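Presented below is the structure to which this report refers.
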Amino acid sequence: MAKILILLNLLLQSLITFSVLDPKKFDKLIIWYFSGTGNASQVARWIIEYAESKNIKTQLINIAKHEQSTNIEITKKTIIGFCYPTHGFNAPPIILKFITRFPRAVHGNKFFVLNTRAGMKISKLFAPGLSGLALLLPALMMIIKGYKLFGYRSIDLPSNWISIHPGLKEKVVFSIFVRCKRITLNFSRKILSGKKIFRGLWELPVDLAISPVSMGYYFFGRFMLSKTFIATNACNQCWICVENCPVNAIKIIDDKPYWTYRCESCMQCMNNCKQRAIETPHGLVIPIWWFALSILPLIILKFISNYTNAENLTKGLIYYILYIILSFSLVFGSYKIVHKLMKFKFFNKIIKYTSLTTYRFWRRYKAPKNVNKT
Ligand SMILES: Cc1cc2nc3c(=O)[nH]c(=O)nc-3n(C[C@H](O)[C@H](O)[C@H](O)COP(=O)(O)O)c2cc1C
15 MAKILILLNL LLQSLITFSV LDPKKFDKLI IWYFSGTGNA SQVARWIIEY
65 AESKNIKTQL INIAKHEQST NIEITKKTII GFCYPTHGFN APPIILKFIT
115 RFPRAVHGNK FFVLNTRAGM KISKLFAPGL SGLALLLPAL MMIIKGYKLF
165 GYRSIDLPSN WISIHPGLKE KVVFSIFVRC KRITLNFSRK ILSGKKIFRG
215 LWELPVDLAI SPVSMGYYFF GRFMLSKTFI ATNACNQCWI CVENCPVNAI
265 KIIDDKPYWT YRCESCMQCM NNCKQRAIET PHGLVIPIWW FALSILPLII
315 LKFISNYTNA ENLTKGLIYY ILYIILSFSL VFGSYKIVHK LMKFKFFNKI
365 IKYTSLTTYR FWRRYKAPKN VNKT
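Residues in the sequence shown are numbered from 15 upward in steps of one, following the working numbering.
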């Protein structure tokens with residue numbers, strides 16, 4: 015009797031495994047990705063490699079070079095994925111624009127969204143980043159287009175935001191990567207065998223609570239951040255930054271790279287520069303931002319209440335419009351002036367040595383390549 019029970023149990027288990035983990039649920043996987051420093055592209059490649067090991071056809075498409083990718087066929091059994099970093103508690107604008115133009119569903123295909131976030135490691139604990147609207151918005155946009163949400167998850171790879179903190183140490187980066195590779199393979203195994211994964215939904219209350227910040231970043235903050243990159247005299251005009259910018263945001267003005275408002279602060283330029291010539295000029299940005307965000311609103315309020323009788327204007331739309339116009343003009347104007355002044359050696363030195371990013375302890379960040387060997 016006991017033997018029969020064991021046999022039945024084994025049969026049941028293999029049936030469950032077969033039905034849940036049927037590797038032929040999909041016959042094609044297409045992933046569109048965007049990546050600044052390699053985290054999101056690495057996650058996309060892990061999933062693609064897993065799919066190929068299960069004989070699923072794959073296509074991996076870099077959104078930044080989308081013009082070159084023709085011949086995309088979405089069949090009934092194709093699963094679609096989007097991998098991208100989180101920028102300002104949101105998906106990068108390039109992703110949102112891409113999904114806006116994405117064709118409506120013909121076969122009602124299944125899709126997943128996967129954002130990489132700012133993972134950290136504090137002592138032995140892995141700390142997660144925060145998604146905000148980074149998963150929610152693209153997922154809703156795809157649902158509206160008729161696709162079926164099948165996967166919704168974040169992967170906490172190392173933070174690449176080296177304008178605000180030094181790049182993580184190599185050892186820490188490596189251990190975060192090893193952990194994330196395991197998580198991604200688990201995700202791939204489940205999703206490609208037909209199991210839905212909505213891990214990211216647990217964080218929905220927090221994500222919604224910080225959504226005003228996501229909006230602020232999207233409509234305001236990202237333009238301010240685009241003006242926080244400067245090239246010092248160390249620049250040897252190799253133009254790697256200009257040629258590789260995924261959103262073509264860097265122009266050449268006066269023989270130096272100049273960051274336009276198209277910049278998405280993906281950090282590729284800064285981390286790729288062999289001369290370490292690209293800095294975040296903290297000595298300049300901090301006082302200007304402090305002025306724009308704390309003194310400027312007070313000056314505007316005083317101005318409005320002195321020269322108009324309309325008290326309600328001080329808290330109304332006009333106040334905010336003036337505030338936005340003036341703070342943008344201040345940040346953009348000062349950036350232009352500083353770019354011109356950088357040709358003077360003395361000024362260059364001041365900017366360089368008041369930039370924290372200049373110092374060796376302020377490491378750069380790029381996703382490691384050799385973690386594949388683990
Ligand atoms: C400008 C900027 C904003 C960021 N905002 C967030 C954020 O809101 N939440 C988060 O968890 N990580 C944030 N990060 C960290 C990146 O999303 C994270 O490091 C990501 O894995 C980088 O992926 P990539 O190498 O593919 O570009 C931000 C990074 C940058 C450069």
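All residues carry an ideal CB built from backbone N, CA and C; glycine is no exception.
Because the structure is a prediction, the values reported are computed rather than measured.
Check: residue i C-beta below 6 Å from any heavy atom of ligand 1
i	result
residue 263	no
residue 191	no
residue 171	yes
residue 320	no
residue 131	yes
residue 105	no
residue 296	no
residue 100	yes
residue 114	no
residue 175	yes
residue 279	yes
Between the CA atoms of residue j and residue i - distance to the nearest angstrom
i	j	result
residue 268	residue 238	22 Å
residue 135	residue 343	39 Å
residue 220	residue 303	27 Å
residue 265	residue 138	43 Å
residue 362	residue 246	6 Å
residue 128	residue 96	6 Å
residue 28	residue 204	Because the pLDDT at residue 28 is just 48, under 50, the model does not fix this residue reliably, and the point stays unresolved.
residue 192	residue 55	15 Å
residue 372	residue 112	35 Å
residue 188	residue 68	27 Å
residue 184	residue 159	42 Å
residue 252	residue 114	35 Å
residue 3	residue 289	Nothing about residue 3 can be read from this structure; the chain reaches only from 15 to 388.
Enclosing beta strand (DSSP E) for residue i [first to last residue]
i	result
residue 75	71-76
residue 97	92-99
residue 288	Note, residue 288: premise wrong, no beta strand (DSSP E); not H, not E.
residue 167	162-169
residue 273	270-273
Buried versus exposed call for residue i [16 or more other C-beta atoms within 10 Å across all chains shown]
i	result
residue 273	buried
residue 175	buried
residue 125	buried
Bounding residues of the alpha helix (DSSP H) (the contiguous stretch that carries residue i)
i	result
residue 129	Note, residue 129: premise wrong, no alpha helix (DSSP H); beta strand (DSSP E) at 124-130.
residue 58	53-67
residue 365	359-367
residue 333	331-355
For the stretch 375-385 against the stretch 169-183, are there 3 or more C-beta pairs whose distance is under 8 Å?
yes
Evaluate the contact criterion for the stretch 309-322 versus the stretch 207-220: three or more CB pairs, one atom per stretch, below 8 Å.
no
I'd like to know if the stretch 142-150 and the stretch 344-355 are in contact, where contact means that at least 3 CB-CB pairs between them fall below 8 Å.
no
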